[in-house]
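Note sheet for the following structure.
In our numbering, the protein residues as written are 2 to 126.
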């Protein structure tokens, strides 16, 4: 049951990267994150949905074009924290970024996100 809750929150979080329009990003993040979420990203620590929204919008506006973020592993929840792997690809074989996120849930919502990004590499053709 706990893994299903984590998977649902994580998949909603990832869907914000793939929203059909930027205006949907905040609504999707609000369904997945607590309002006081702590986000540990590539540029350090930030708090709140607005901080995560800025990160998501920056990724969505990649210079190579709008990309796609997908969860590429099962959600593993060995304790209070859940982890999963993801991949972000840009159109036409542009840059590919892969990584692992670790999230903590409170009341079925993500209250902490830690992003471990891997190296950018061209996507396999």
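For every residue, glycine included, the Cβ atom is placed at its ideal position computed from N, Cα and C.
Spatial neighbours of residue 31 in its own chain (CB-CB distance under 7 Å, excluding positions within 5 residues in sequence) are listed in chain order as 50.
Annotated as distal: residue 40 and residue 68, with beta-carbon spacing of 9 Å or more. Only residues of its own chain outside the window of five on either side were considered, and among them 84 have a CB closer than 6 Å to the CB of residue 77, listed in chain order.
For the pair residue 102 and residue 72, the Cα-to-Cα distance works out to about 10 Å. Out of 74, 33, 65, the CA that lies nearest to the CA of residue 54 is found in 33. Taken in chain order, the complete beta strand (DSSP E) segments of 3 or more residues contained in the region 37-91 are 45-48, 69-72, 82-90. C-alpha of residue 27 to C-alpha of residue 13: approximately 11 Å in a straight line. Sequence-distant partners of residue 19 (beyond 5 residues in either direction) whose C-beta falls short of 7 Å from its own C-beta, in its chain, are 69, 70. Taking the CA atoms as reference points, residue 46 sits about 22 Å from residue 109. Secondary structure of residue 17 (DSSP, three-state): helix. Taking a contact as a CB-CB distance under 8 Å, the pair residue 65 and residue 91 counts as one, their CB atoms being some 4 Å apart.
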